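Numbering (the UniProt record's numbering), first residue to last: 1 to 351.
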């Protein structure tokens, strides 16, 4: 993954180092709070036991009472230090979120099931002759476990999301080859824009820009195969309930996946793509095709305008083909007249 200019790379590397130090400091302060809590509870227990056996003005009771107050102050001071360490960690994380170029695309969103494993196996078989010995696997890191291999961007992401379960695809080959980039691009295309990590001869490779042409996968050129690939893509963005509902409308699911893959070619984050798809899942097939066409043509209207107009027209016209045609006509009319697209769509349903 490119990290931008040298200045940005230096900033990421510095923040990653600072975040590591802040996380170690926070962990030390957490342990200090636990020790202080234990010491305070032990002092309280000793004082209470002395109280039960001796008068309140007994020197030993007074000594233990003073010890309780001292341990309590130490506990509060430890908690204050922990809060300060947590605040420093949060501030560094906020700065990292601002400068990291591709945020969580390095991680594999959604679940990894048998269908996804079969897809990875098909991709490996496709490149078996050109990349003999290539292996593809899904790596899972649990909360608290860190994989600090690779460049500063990867280390920063690992530290940033260390409290969550993280998955990514690793491709390993015995020797470097330009075909590794093609294989990574194929997986990324169908896996929600995820960026696999590439290793050749044990060394990690910088991921090059993705090739534009993605080779078709053998065995997936049937309606069932296209539907399986659509599920693989949409699961990177939508919850399982949404995918299950869409699976009852196979052509709609395939079209939603095509729109998602189109969004992957734009400068959009995973969350931005997810939000856009959520606005489209209720539309009928013909209207979705019109939205795909308008998006691929890079019209000057915002997604919000197109999606709102599409939902308005789709809900008004009983015939989905008529709704799709009305959406295309509304866009052309808005371009000619300068009237906002949503207003043109509203006039279409009120006249």
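A virtual CB, placed ideally from N, CA and C, is assigned to each residue, including glycine.
Predicted model, so just to flag it, every value in this text is computed and none were measured.
Where does residue i fall in DSSP's three states?
i           : result
residue 134 : coil
residue 200 : strand
residue 31  : helix
residue 5   : Because residue 5 carries a pLDDT of 40, less than 50, the predicted location of this residue cannot be relied on, and no value is offered for it.
residue 141 : strand
residue 167 : strand
residue 348 : helix
residue 129 : coil
residue 57  : coil
residue 110 : coil
residue 161 : coil
residue 338 : coil
residue 150 : coil
residue 82  : helix
residue 100 : coil
Count the other C-beta atoms from every protein chain shown that fall within 10 angstroms of the C-beta of residue i, then say buried if there are 16 or more, exposed otherwise.
i           : result
residue 42  : exposed
residue 224 : exposed
residue 337 : exposed
residue 231 : buried
residue 148 : exposed
residue 29  : buried
residue 7   : Caution applies to residue 7, whose pLDDT of 49 falls short of 50 and renders its modelled position unreliable; the model cannot decide the point.
residue 115 : exposed
residue 5   : Note on residue 5: pLDDT 40, under 50, position unreliable in the model; the coordinate value appears next. It counts as exposed.
residue 34  : exposed
residue 192 : buried
residue 244 : exposed
residue 140 : exposed
residue 84  : exposed
residue 284 : buried
residue 98  : exposed
residue 350 : exposed
residue 3   : Any reading at residue 3 must be qualified, since the residue scores a pLDDT of 40, below 50, and its modelled position is unreliable; the value itself is stated next. Label assigned to residue 3: buried.
residue 271 : exposed
residue 235 : buried
residue 36  : buried
residue 76  : exposed
residue 107 : buried
residue 78  : buried
residue 257 : buried
residue 10  : exposed
Measure how close the beta-carbons of residue i and residue j come, nearest whole angstrom, since I'm counting them as under 8 Å.
i           : j           : result
residue 253 : residue 227 : 7 Å
residue 22  : residue 88  : 5 Å
residue 200 : residue 183 : Not quite, the Cβ-Cβ distance comes to about 12 Å (not below 8 Å), so this is no contact.
residue 178 : residue 133 : Not a contact, Cβ separation roughly 16 Å.
residue 16  : residue 156 : 4 Å
residue 190 : residue 122 : About 10 Å separates the two Cβ atoms, so there is no contact after all.
residue 249 : residue 263 : At roughly 20 Å, the Cβ-Cβ gap does not stay under 8 Å, so residue 249 and residue 263 are not in contact.
residue 281 : residue 246 : 6 Å
residue 146 : residue 159 : 7 Å
residue 100 : residue 12  : 7 Å
residue 144 : residue 162 : 6 Å
residue 50  : residue 68  : Not confirmed; about 11 Å, so no contact.
residue 313 : residue 326 : 5 Å
residue 237 : residue 274 : 4 Å
residue 93  : residue 205 : Their Cβ separation, rounded to whole angstroms, is 28 Å, which puts residue 93 and residue 205 out of contact at 8 Å.
Between the options, which has its C-alpha nearest residue i's C-alpha?
i           : options               : result
residue 113 : 318, 20 and 167       : 167
residue 38  : 71, 251 and 100       : 71
residue 309 : 344, 139, 258 and 47  : 344
residue 195 : 97, 126 and 171       : 171
residue 295 : 259, 324 and 282      : 259
residue 301 : 108, 334 and 48       : 334
residue 110 : 13, 31, 138 and 329   : 138
residue 65  : 251, 10, 46 and 13    : 46
residue 329 : 293, 318 and 262      : 293
residue 306 : 318, 323 and 213      : 323
residue 332 : 320, 318, 348 and 130 : 348
residue 268 : 49, 105 and 62        : 105
residue 185 : 76, 215, 158 and 317  : 215
residue 142 : 164, 241 and 320      : 164
residue 80  : 53, 213 and 32        : 32
residue 255 : 239, 289 and 273      : 289
residue 213 : 198, 206 and 265      : 265
residue 82  : 14, 125 and 27        : 27
residue 74  : 86, 40, 92 and 52     : 40
- Query: Along the chain, which unbroken stretches of the beta strand (DSSP E) at least 3 residues long are found entirely within the segment 173-256?
  - Reply: 197-200 and 203-205
- Item | Whole runs of the alpha helix (DSSP H) within the segment 258-332, excluding any shorter than 4 residues | 270-280, 285-296 and 303-316
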